[in-house]
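See below for the structure under consideration.
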Amino acid sequence: MNIISTQYTLKYKSFEIVVSGCKGDNGKHCFGCHSPETWDFNIGENYENQIQKILRKIKEANDLIDWIWVYGGEPLDNNIEELIDMLSSLKESNKPIVLFTRYSFDSIPQDVKDLCDYIKCGAYQQELTVEDNIQYGIKLATSNQHIYKKSNNQWK
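When you line the sequence shown up against my numbering, it's residues 34 to 189, in that order.
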């Protein structure tokens, strides 16, 4: 799994990790996708070469960030074992992890769910664009998207 970029976003007090690669749904990408440059699986640098630097950045900005976001591309279209390995490393930061995916909650592997604190589910569907879908302080683009939160090891 490759990482294209990382960034701090002060608006959300988040540290964001952008992974490359998206297969689309049956080979078709979301019409109006906000990040088509992330679709190619071959761009970026392998996460194993970056994870220590990422953990150091998170530690250095500890007081500035409240959570870690992982999105792309599509994280779940990548090698799941590599995604699990990266999420396990990120847990060392003791920051909540938010995974953004187009997939339904039920289709996400349990090992991935175990390592996340929030999961945003639902593909971008341009015809369902809304301005008022705000969940847990995060503005979602379309009405079909939902954020699940883990509390006491239960998802809501």
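All residues carry an ideal CB built from backbone N, CA and C; glycine is no exception.
The structure presented is a predicted model; accordingly, all values stated were derived computationally and were not measured.
Rounded Cβ spacing between residue i and residue j (contact assumed at less than 8 Å)
i	j	result
I152	L132	5 Å
I101	I91	7 Å
M34	N82	With 8 Å as the limit, M34 and N82 do not qualify as a contact, their Cβ atoms being about 11 Å apart.
N166	Q178	6 Å
Host alpha helix (DSSP H) of residue i (start-end)
i	result
N82	Y80 to E93
D147	Q143 to L148
L120	I113 to K124
Alpha-carbon spacing of residue i relative to residue j, whole angstroms
i	j	result
D73	K189	33 Å
S140	K56	16 Å
T134	G105	8 Å
DSSP three-state assignment for residue i, whether helix, strand or coil
i	result
L15	With the chain covering 34 to 189 only, the question about residue 15 has no answer from this structure.
Q40	strand
F64	coil
Q158	coil
Cβ neighbour criterion (16 or more within 10 Å) applied to residue i
i	result
L120	buried
V51	buried
S184	exposed
S53	buried
Range covered by the beta strand (DSSP E) that runs through residue i
i	result
I50	S47 to V52
Short CB-CB distance (under 9 Å) between residue i and chain B
i	result
K153	Absence of chain B from the displayed structure is noted, only one protein chain being present.
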